[in-house]
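Using our numbering, you'd call the opening residue of the sequence shown number 9 and step up by one each time. Backbone N, C-alpha and C fix where the C-beta goes; we use that ideal spot for every residue, glycine too. Right, one structure below, let's go through it.
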Amino acid sequence: ISLNLMLQFQRTANLYFLCIAVLASISLISPLGGSTFWVPLISVLGATAIKDGAEDYRRHKSDVEENNRQTQVLDRATGAFRRVPWWEVKVGDM
């Protein structure tokens with residue numbers, strides 16, 4: 009979660025609204041309550057975190073599927089090709 013928040017606050021708009029929410033929470037300088045700004049900010053951050061998490065999960069499933077696909081590698085001992093999943097292919101395999 010902390011990495012996700014760091015990435016979200018690199019967006020200028022999110023950082024701006026965070027600063028505004030902090031300033032609005034100080035009763036000496038703001039006539040409004042802080043919740044006026046915190047609720048929308050937290051909602052946007054939460055929705056973005058859920059979207060990013062869903063994308064990461066789909067990418068993970070796609071990576072697992074691709075890494076388990078079969079390919080042919082030349083077995084140097086026998087000189088014949090053998091079928092192996094992609095995750096077993098090493099540098100220098102043919």
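CB-CB length for residue i against residue j, believed under 8 Å
| i | j | result |
| --- | --- | --- |
| N12 | D71 | No, N12 and D71 are not in contact; Cβ-Cβ is about 19 Å, not under 8 Å. |
| A32 | L26 | Going by Cβ atoms, the distance from A32 to L26 rounds to 11 Å, so no, they are not a contact pair. |
| A21 | L49 | Rounded, the Cβ-Cβ distance is 10 Å, inconsistent with contact. |
Residue span of the alpha helix (DSSP H) that contains residue i, given as start and end
| i | result |
| --- | --- |
| T79 | Run containing T79: none in the alpha helix (DSSP H); it sits in the beta strand (DSSP E), 78-82. |
| D60 | 43-75 |
| S33 | 20-33 |
| S38 | It is not in any alpha helix (DSSP H) - S38 carries neither H nor E in the DSSP assignment. |
| M14 | 10-16 |
Endpoints, the beta strand (DSSP E) within which residue i is located
| i | result |
| --- | --- |
| V92 | 89-93 |
Top-ranked residue by Cα proximity to residue i, from the options
| i | options | result |
| --- | --- | --- |
| G100 | F25, R84, A88 | R84 |
| Q80 | F89, R19, E63 | F89 |
| S10 | K98, Y24, A57 | A57 |
| Y24 | S38, I37, Y65, W46 | W46 |
> Can at least three beta-carbon pairs, one atom from the segment 86-98 and one from the segment 46-57, be found at a separation below 8 Å?
Replying inline: Judged by Cβ distances under 8 Å, the segment 86-98 makes no contact with the segment 46-57, as fewer than three pairs qualify.
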